[in-house]
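Structure, as structure tokens:
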Amino acid sequence: MTDTAENQTQNNWQAGHPRSIRSFVLRQSHMTAAQQRAIDTLWDSFGIDYQATPADLDARFGSSRPKILEIGFGMGTATAEIARRLPETDFLAIDVHGPGVGNLLKLIDENHLENIRVMRHDAVEVVENMLQDGSLDGIHIFFPDPWHKKRHHKRRLIQAPFIAKLLPKLKTGGYIHLATDWEEYAQQMLEVLSSFDSLQNTAADYAPTPDYRPETKFEARGKRLGHGVWDLVFKRIG
């Protein structure tokens with residue numbers, strides 16, 4: 001997919017898919033006292049409020065280390081572990097669910113992690129408005145909602161228009177790492193990423209799980225039940 005085609009894909013999607021169609025549903029989840037306390041006491045140090053203008057990530061982290069965007073971190077356990085394994089990399093972690101935000105902040109405090117910043121906002125709007133072009137060294141999107149029913153497939157996050165929004169934010173040589181336990185979604189992911197001329201697959205199709213990505217409890221349970229997991233790692237080449 002050429003740059004012109006990428007721009008046209010983005011424009012067509014915006015015209016036909018208003019932002020009322022989102023890839024997430026705000027669940028009514030119970031916030032524990034510990035999670036709320038973490039938000040109350042740690043947000044000023046590790047949280048970033050949404051703004052509709054470009055942000056200086058080096059200033060927000062207080063470092064010029066490589067920057068990785070993680071979209072949809074769940075309860076934050078894997079995010080905290082990846083940050084522990086890669087202490088010389090900064091992670092901007094975005095999710096909309098309060099208990100997960102509180103839990104990740106709690107893990108940051110418990111593990112003395114200085115290389116994570118947390119946002120509670122729609123990641124699409126953050127990408128569109130806050131991230132500067134060429135500001136990211138990598139993008140992680142692990143186990144996004146597969147929206148199993150065909151009529152809901154339009155809600156899936158990994159579609160060509162969203163990847164077209166992400167690509168300018170990624171430095172040349174940077175990577176996109178996706179993971180899913182839903183085979184049909186994995187096939188869609190592979191098709192979408194392969195359609196961009198500026199992305200190159202690091203494997204013939206699906207990649208071995210990189211050492212930095214830990215196995216989640218949900219993933220381990222799925223494997224015991226015979227479910228597969230598919231990782232995709234593509235590098236930006238232009």
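FYI, in UniProt numbering the residues of the sequence shown are 1 to 238. Using N, Cα and C, we set each Cβ at its ideal position, and we do this for glycine too. Fair warning: this is a prediction, and the values are worked out from it, not measured in the lab.
Contacts around residue i, its chain only, beta-carbon distance under 7 angstroms, and the 5 residues preceding and following it disregarded
i	result
Asp109	Ala38, Leu42
Glu88	Arg65
Gln36	Gly102
Asn111	Ala80, Arg84
Ser63	Asp90
When the options are compared against residue i, the one with the closest alpha-carbon
i	options	result
Met119	Thr77, Arg224, Phe73, Ser198	Phe73
Asp211	Ala160, Arg84, Gln35, Leu225	Arg84
Glu125	Phe162, Thr209, Trp182	Phe162
Phe218	His148, Glu191, Phe143, Val233	Phe143
Ala204	Ile82, Glu191, Gly222, Glu215	Glu191
Glu183	Leu232, His97, Phe61, Asp40	Leu232
Ile237	Asn201, Gly173, Ala186	Gly173
Asp197	Gly222, Met75, Pro208, Leu167	Leu167
Ile94	Asp49, Thr53, Ser63, Lys106	Asp49
Gln200	Phe234, Ile176, Lys223	Phe234
Thr53	Lys106, Gln159, Asp133	Asp133
residue 241	Thr32, Asp40, Gln51, Gly228	Because the chain in this structure spans residues 1 to 238, residue 241 falls outside the shown range and cannot be described.
Helix, strand or coil at residue i [DSSP, three-state]
i	result
Gly72	coil
Asn201	strand
Thr172	strand
Ala55	coil
Arg213	coil
Glu238	Reading off the sequence, residue 238 comes out as Gly, not Glu. If DSSP states are grouped into helix, strand and coil, Gly238 belongs with coil.
Gly47	strand
Leu105	helix
Thr32	coil
Phe61	helix
Gly98	helix
Lys223	helix
Phe196	coil
Leu42	helix
Lys149	coil
Leu86	coil
Asn129	helix
For residue i: DSSP bridge partner residues
i	result
Phe218	Its beta-bridge partners do not exist; DSSP assigns none.
Ala179	Phe142, Asp231
Gly134	Answer is none; Gly134 lacks a bridge partner.
Phe91	Ile68, Ile116
Arg156	Paired residues: none, contrary to the question.
residue 249	The structure shown has nothing for residue 249, since the chain only spans 1 to 238.
Nonlocal neighbours in the same chain, by C-beta distance under 8 angstroms from residue i, ignoring five residues either side
i	result
Glu128	Lys165
His148	Trp182
Proximal residues to residue i (C-beta, below 6 angstroms), its chain only, five neighbours per side dropped
i	result
Leu69	Leu92, Leu136, Ile139
Asp145	none
Leu178	Ile141, Met189, Leu232
Thr216	Ala78
Trp230	Thr180, Ala186, Tyr206
Whole-number beta carbon distance between residue j and residue i, since they are thought to touch under 8 angstroms
i	j	result
Ile82	Pro208	Their Cβ separation, rounded to whole angstroms, is 16 angstroms, which puts Ile82 and Pro208 out of contact at 8 angstroms.
Ser29	Gly98	7 angstroms
Leu131	Lys169	5 angstroms
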